[in-house]
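Protein sequences appear in the order of chains U and B.
This note's numbering puts the first residue of the first sequence at 1, with every later residue one more than the last.
This note's numbering puts the first residue of the second sequence at 1001, with every later residue one more than the last.
Ideal Cβ positions, reconstructed from N, Cα and C, are used throughout, including at glycine.
Data first, discussion second: the structure below is written as structure tokens.
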Amino acid sequence: MIDATAAPPPDPGQELLDLVELLDATERRIEELTLGEVDSVMARDGRAFLLRRAQEQVRLSESAKQASILDALPARIALLDPQGTIISENEAWREYARGMRPMQETGLSYIAMCSAREGTDAGYAKQIAAGMRSVLDGESPSFALEYLDELFGRRVWCLTTVTPLAGSPPSGAVVMHVDTTAKREAEERLRETDARFRQLADNIDTVFFLRDASGGEILYVSPAYEKIWGRSCESLYADPRSWGDSFHPEDREATRAAHLAAGIGGHFRLEFRVVRPDGSVRWISSRGFPVRDEGGVVVRVAGIAEDITERKQALERLRESETRYRTLTDASFDAITVTQDGILLEVNSGFERMFGYTAAEVIGHHVTELSSPEAVAGVEQHLLGGANGTYQTVALRKNGERIFLEVTARPHTVDGKDARLAALRDVTERRQLEEQFRQAQKMEAVGRLAGGVAHDFNNQLAVIIAYAAFVHEGLLEGDPQRADVEEIQKAAVGAAALTRQLLTFSRQQVVAPRIIALDMMVGSSVAMLGRLLGEDVELVVRHTGGSATALIDPGQFEQIVMNLVVNARDAMPTGGKLSIATAVVDLDDEYIRSHWPATRGRFAMLEVSDTGIGMDGATRDRVFEPFFTTKGTGTGLGLATVYGIVKQSGGSLWLESEPGKGAAFRIYIPFVEGVVTLPDQQPAVAQPLSGTETILLAEDAAPVRGAVRRMLQSLGYRVLVAPSAAVALRFAESQEKIHLLVTDVVMPEMSGRVLAERFNELRPGVQVLYMSGYTDDAIVRHGVLSASVNFIEKPFTPEKLARTVRDLLQHE
Amino acid sequence: MYVAAGTQNSMQAVSNLTALCSAHLAGNHEIEIVDVFKQPMRALEDGIMMTPTLVRLAPTPIRKIVGSLGQWDTVLRALGIESPAA
């Protein structure tokens, strides 16, 4: 504090004036000394004094700097004093103000100007005036208003702020107008984009999601989430972990790992199940990918997820249906194929079983490659003829075996192109059965034919044989004609044998079965068989399984063995080994399934096998057929006879043979437990064949009647001749003594059987001898003669008749 | 060069020196500007009495030139640099 009134100290006011004068003089002198070239001078202690002129320069320089900063700003900025008067403004403000009336410039009250504003923006102007007043009065810490302004005919967004200067109340305020149009428009565009995205997201069934890289925060999930997951979006935002918790336990680990991998830059595409709060399960297909910032760092994971449950279920149903189809087709014994243009696309396991090929071996091949050569053309024709149809064809298995097929084809579609679905049934066995049936029918027909002629034929032979015998007897020993007659007799006997064979395979031969042991029968024939075979054929006989007893006509069995052995011998022109075996065997279901027409049970078996030339399939098929022969001199009746005998005995036979591998015939006759009956021994002592008894002869065929009468009369018998049953009965009614009735079986009006019955009513106890070569009559049942019936088979020799008649009369 | 920042003579001196050195000592000089208000002790140590003052540190002997350096001939002479015209 300067006390101006104090004395004697110098007057402070006067001293101040003196000092200013000195200061001024000092400045001027320094300027003179330094020629105005200097800005500052230094005291001895280093303190620098800025000269007055330089001080002014520095001050101007500073304010110019600040003004240039403010002028560089795009905002319009003005400084107001506490009354609201403009003190200073920047270049932007000034430029703007130049276009305004009144001009908003220094010295004018901006508050007053705004308050007085009229027009479209009067409302904003008044709000701003009130804001400025409020800030300048210290009532508000600041003021801001953003509004849409009309500026030189252009709509612009304007943000006005009022910021107080320091002081309380403020020493002034800064008013700033900023054009925010660009920012506003950018925001608007963003809002529109956002709205479009939301429209999309809200209306689509696919879930969009956006989360941070760690998965700790869900940034966005679209509303479809609620529909698919059955949970609210809000619950997910609140608890982001519920995303992972919703995964089905079986899928959780893999799905979480994929989501985590996306957080460090991996893409994922996976299917998983989620469990809804109500426990239902949905299938989700989801894809996710990382979102990176400019530096390449993964900041977010974006992705989509959609509900594929229905698709999955449809696929599952399709798969099930395919599995079912596959199971069905594989379970089928039929082969099933799918072909396109004849090329195999698919086959089932039935096909593999049927053909012996694996699916892989045939797929891609043409079906005709499987056809038997002769069937190729037919198959091709069917392929051309359309997909629908049923036809029979012949194919080859992998092992070369021929199989007969019945093919049923239906149209099918594969990949939109026409295809064929075909079921192939192996009818080989059926064909064989049909073949066998045809064979049986043929035999039956031949037999019936043979049987039909046998009676008359045998009668003729009987006459030939009888008269040949008469002629023979009439010729003297040494007469050259005896040899001729013997030839006639031989031929007649041969013809009779042929007739017998015909009747045999047609099962119309009269047989007298007995229980015999096959092994014993074979054993007793070995010596005779050995003579039949050449020295280069080795004969091996083997018996196993005990005594092979069966009920069969011994003569017929001998015939079987003989025929088979002769055939075996003929099959080995250069020698070999011939084996005859007998055994008792049990045929089970498994055996009979593959050996039609075998039947189940215990059988006495005879096997004749050779190491000869063997047979091919075609020969095997026909070998039992009558008149079929591969030998130039054969009658074709040998094996047919075997077949007939076996059938008649209730047995079956089986043949195995391959070309070059020999042949084996196995014959199965039903096994019969029993004691072997030995054949009646012929009396060892010679018996006189003649007699004097009276014999009634009933025979409708005159030549036979004459021949038989002569045979009997030549033996000394008295013969009553009846050309019919009626005449024979009249003899029976008469007083004639009759010791024996010899009658034909087949006669018109009345058969021999009926005659015998009537005869025995009239003459009880008198023996009856039937003559027949034919079984289709009443004296035999199914061709089997009962033990009580006396029978002589036509044709017969005089000697045979003599012995039979003598036996009957002797037994009387 | 010792200056008082923001003053006219100092700015002119800096401007003149820069132009002069570019013309006569292209690429062969080094200039340091010292604001005496920011570094008063350096000015004291170097015996500076006023600004702007140019001190030629090299080559020796040290020479001091005061002023805005408007007269290039005088300055060149004082600095011992031959005028290209001479």
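Straight-line spacing of the CA atoms in U:Tyr96 and U:Arg198 works out to 41 Å. For the region 1035–1056 of chain B, the set of positions with a beta-carbon nearer than 7 Å to some beta-carbon of chain U reads Val1036, Phe1037, Pro1040, Met1041, Ala1043, Leu1044, Ile1048, Met1049, Met1050, Thr1051, Pro1052 in chain order. Taking the beta carbon of B:Val1066 as reference, the chain U residues within 8 Å of it are Thr34, Glu37, Val38, listed in sequence order. For a Cβ distance threshold of 7 Å, residue set Gly1006 of chain B lies close to U:Ser61, ordered along the chain. In its chain, beyond the 5 residues on either side, Leu697, Val719, Val721 have a beta carbon closer than 8 Å to the beta carbon of U:Arg709.
By DSSP's assignment, U:Arg402 forms a beta bridge with U:Leu396.
CA-to-CA, the gap between B:Thr1051 and B:Ala1004 works out to about 6 Å. Under the three-state reduction of DSSP, U:Met521 is assigned to helix.
For U:Gln83, no chain B residue has a C-beta closer than 7 Å to its own C-beta; the minimum C-beta separation is roughly 33 Å. By alpha-carbon distance to U:Glu486, the top candidate from U:Ile464, U:Ala497, U:Leu498 is U:Ile464.
When secondary structure is reduced to three states using DSSP, U:His595 falls in the coil class, being assigned neither helix nor strand. The three-state secondary structure of U:Ser579, taken from DSSP, is strand.
Look at U:Ile86 here: in three-state DSSP terms it is strand.
Contacts between U:Gly46 and chain B, judged by CB atoms closer than 7 Å, involve Pro1040, Met1041, Ala1043, Leu1044 in chain order.
Within the DSSP secondary-structure output, U:Ala698 pairs in a beta bridge with U:Ala722, U:Thr743. Annotation for U:Leu33: no residue places its beta carbon closer than 6 Å to its own, counting only its chain and skipping 5 residues before and after. Separation of the CB atoms of U:Tyr770 and U:Phe791 is rounded to 5 Å, and the pair is thereby assigned contact status at 8 Å.
Inter-segment contact for the region 368–379 of chain U and the region 394–407 of chain U is present: three or more beta-carbon pairs are separated by less than 8 Å. For B:Asn1028, the nearest beta carbon of chain U is not closer than 8 Å to its own beta carbon. In summary, no residue of the region 14–31 of chain U has a CB separated from any CB of chain B by less than 8 Å. DSSP places U:His177 inside the beta strand (DSSP E), whose first and last residues are 173–179. Rounded to whole angstroms, the separation of the alpha carbons of B:Ile1031 and B:Ser1068 is 15 Å.
In the displayed model, U:Gly13 falls within a helix according to three-state DSSP. Contact annotation: U:Ser724 and U:Met747 have beta-carbon atoms nearer than 8 Å. The C-alpha of U:Trp157 is placed about 23 Å away from the C-alpha of U:Arg133.
Looking at the DSSP output, B:Pro1061 sits in no beta bridge, so it has no partner there. Bounds of any beta strand (DSSP E) do not take in U:Thr611, whose DSSP letter is neither H nor E.
Cβ-Cβ separation between U:Thr641 and U:Gln559: approximately 6 Å, consistent with a contact (criterion under 8 Å).
U:Phe268 sits buried, since 16 or more C-beta atoms from the chains shown fall within 10 Å of its C-beta. Closest option to U:Gly172, judged by alpha-carbon separation, among U:His365, U:Ala64, U:Leu136: U:Leu136. The beta carbon of B:Asn1009 falls within 8 Å of a beta carbon belonging to chain U, placing the residue at that interface.
With respect to U:Leu145, U:Gly131 sits close: the two C-beta atoms are nearer than 8 Å. Identification of chain B residues near U:Ala54 by a Cβ-Cβ cut-off of 9 Å yields Ala1004, Gly1006, Thr1007, Gln1008, Asn1009, Ser1010, Thr1051, ordered along the chain. For U:Val58, the chain B residues whose C-beta falls within less than 7 Å of its own C-beta are Gly1006, Thr1007, listed in chain order.
With contacts defined by Cβ atoms closer than 8 Å, U:Asp616 and U:Met572 do not form a contacting pair.
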